[in-house]
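Residue numbers (my numbering): 933 to 1358.
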């Protein structure tokens, strides 16, 4: 049996795939509901997303949805919805295709010409940070107006503190980029456009609930793991309400600080490096505003004097009347999530009106956190774990829903193959 610590989307996808492949599994989740950060709540008739605001209806996502019987609950947005960037005092369309790159007013003619020179620049250099790398490839203007906000927004981070060798280099390799990012982007743009934004009628939180429902007794809720003990062969997992359970291998899908706490007794030095990983905290403000805005939302260009990092237009995306979700904080202002809800809400409402011209009312404020993928990830280099201990999380591989699905399926295949060949699940 495989023991999985953490019932977020990573752990649930892994468990679901292992069961499909005939491997016994138990998932321990500390919370009363599965899903981790992928949760949805009702506020009156409105669905609020407490984590990701949307997914992409890619092949792997659709397959997962169909396998847990959620196809009828899917809602999709138009493939053609634009993304905007607030730059130089107004919203400007972000160029996501070659024709848009030619026509956009986000970049000057000189900045566009500089972007077109990207294929003639070299790939990542040893020790290079993401910010300098993107500026060297595309120029400073494109970095400040578009690439920095978009890439940094994925992690709520500062690209000038994110080593290329950690998150970005792996992504480039997965995309098949050897030298020119621009060439690969234009070649794959059509495939990306074919996968529309999607969610479910009652929010993305429906997906982890459905997966957990399929897994049944293989998922134990309100069962925080208190101890992991290495045995001569395999592990022993001790959790609330379950006692001690022997397993052949353990997969940690929980946050890095939780994982460090469980491993500190047996592997203190390695656990110390895990606990040092930085997370960026975000405040999410759910705004009600009657607008006629059409698009995915907007990001804020670097250099603008706003606390808001970006806003998702849930109204335009999935017909959730008047709903818009603003993101504030992150590495840009790490103290902001500690401010009281009223202060954060007032800033979000004021800045929403500055950007869009529409007044807004704050419905709710929540908080989340995202792995920073910054210089603290250097500490994981050279760390070796027992072969029957695995990690499957957004701090060890590609973040985002698709990244979690991909990694969960990949690890499940590895573990199932080990069982099929009669070897230990390493």
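C-beta atoms are modelled at their ideal positions from N, C-alpha and C, and glycine is treated no differently. Keep in mind the model is a prediction, meaning the values are calculated, not measured.
Taking just the CA atoms, how far does residue 1258 sit from residue 1273?
-> 13 Å
In or out: residue 885 buried (at least 16 other Cβ within 10 Å) or exposed?
-> Here the chain has residues from 933 to 1358 only, and residue 885 is not among them.
Can you grab the Cα-Cα spacing for the pair residue 1233 / residue 1036, in whole Å?
-> 15 Å
So who's on the other strand from residue 1102, going by DSSP bridges?
-> Answer is none; residue 1102 lacks a bridge partner.
Sort 1095, 1182, 1174 by Cα distance to residue 1165 and report the nearest one.
-> 1182
Run through DSSP, which three-state label would residue 1242 get?
-> strand
Verify the contact flag: residue 1156, CB atom, against every heavy atom of the ligand HEM, threshold strictly below 6 Å.
-> The ligand HEM is not part of this structure, which contains no ligands at all.
Residue nearest to residue 1097 in terms of C-alpha spacing, selected from 1308, 1341, 1345 | Selection 1308, 1341, 1345 evaluated against residue 1097 yields 1308 as nearest (Cα-Cα).
Taking residue 985 as the reference, which of 1212, 1311, 974, 1135 has the closest Cα?
-> 1135
Tell me whether the beta-carbon of residue 949 lies closer than 7 Å to the beta-carbon of residue 1341.
-> yes
Use the C-beta contact count for residue 954: other C-beta atoms within 10 angstroms, 16 or more gives buried, fewer gives exposed.
-> exposed
Would you check if there are 3 or more beta carbon pairs closer than 8 Å linking the segment 1316-1327 to the segment 1169-1189?
-> yes
Would residue 1004 be called buried (16 or more neighbouring beta carbons within 10 Å of its own) or exposed?
-> exposed
Answer yes or no: do residue 1260 and residue 1239 have a C-beta to C-beta separation smaller than 7 Å?
-> yes
Coil, strand or helix - residue 1359 by DSSP | Residue 1359 cannot be examined here, being either before or after the span of the chain that is shown, 933 to 1358.
Grab me the residues of residue 1283's own chain with a C-beta within less than 6 Å of its C-beta, minus the 5 sequence neighbours each way, in chain order.
-> 1238, 1240
Could you tell me the distance, in whole angstroms, from the CA atom of residue 1026 to the CA atom of residue 1230?
-> 9 Å
How should residue 1200 be labelled, buried or exposed, when 16 other C-beta atoms within 10 angstroms of its C-beta is the threshold for buried?
-> exposed
Start and end residues, alpha helix (DSSP H) containing residue 1288 | 1273-1288
Label residue 974 either buried or exposed according to how many other C-beta atoms from any shown protein chain fall within 10 Å of its C-beta, with 16 as the threshold for buried.
-> exposed
Pull up the distance between the alpha-carbon of residue 1268 and that of residue 1301, whole angstroms please.
-> 13 Å
Leaving out five residues on either side along the sequence, give the residues of the same chain with a beta carbon under 7 Å from the beta carbon of residue 1277.
-> 1217, 1294, 1297
In terms of residue numbering, what span does the beta strand (DSSP E) encompassing residue 1141 cover?
-> First-last for residue 1141: 1138-1147, but that is the alpha helix (DSSP H), not the beta strand (DSSP E).
In the DSSP assignment, find the unbroken alpha helix (DSSP H) run with residue 993 in it and report its ends.
-> 991-999
Can you list, in chain order, the residues of its chain whose CB lies under 7 Å from that of residue 1205, leaving out five sequence neighbours each side?
-> Cβ-Cβ distances below 7 Å link residue 1205 to 1311, 1312, 1315 in the same chain, with the five nearest sequence neighbours on each side left out; the list follows chain order.
Separation of residue 994 from residue 1177, as counted between CA atoms = 34 Å
Where does residue 1034 land, buried or exposed, given buried means 16+ other C-beta within 10 angstroms?
-> exposed
Apply the 10 Å Cβ neighbour rule to residue 1328 and answer buried if 16 or more other Cβ atoms are within range, or exposed otherwise.
-> Classification of residue 1328: buried, given that the 10 Å Cβ count is 16 or more.
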